Amino acid sequence: MSEAQAELKHVIDKGNQVKDSDITRLPYLQAIVKELSGRIICPSLPLAITMVHLMLGSLILSYDWKLER
């Protein structure tokens with residue numbers, strides 16, 4: 701967090717607000733936003749997808765396959 705604050709102090713003048721044109725000059729802050737935006741939506745999504753694959757695989761393996769003649 702201190703690195704993001706230092707970047708903001710370096711790029712943005714004191715007392716000014718961040719403008720759209722300033723965003724391109726804040727790579728560390730962009731990385732933080734990108735990292736958090738994926739986690740806020742659903743932090744356990746990769747686990748859920750893995751569990752669905754395991755359950756489907758288990759269901760397919762346990763199914764009693766009979767071929768009709």
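If you want the numbering used here, it's the 1-based position in the sequence shown plus 700.
Where a beta carbon is used, it is the ideal one built from N, C-alpha and C, also for glycine.
Bear in mind the structure is a predicted one, so any value in this text is a computation, not a measurement.
* To do: Alpha carbon to alpha carbon, how far is L745 from L729? Give it in angstroms, no decimals.
  => 24 Å
* For S737, three-class secondary structure by DSSP -> helix
* Asked: Does the distance from the CB of I712 to the CB of D722 come in under 8 Å?
  -> yes
* Under the three-state DSSP convention, the category P746 falls into -> helix
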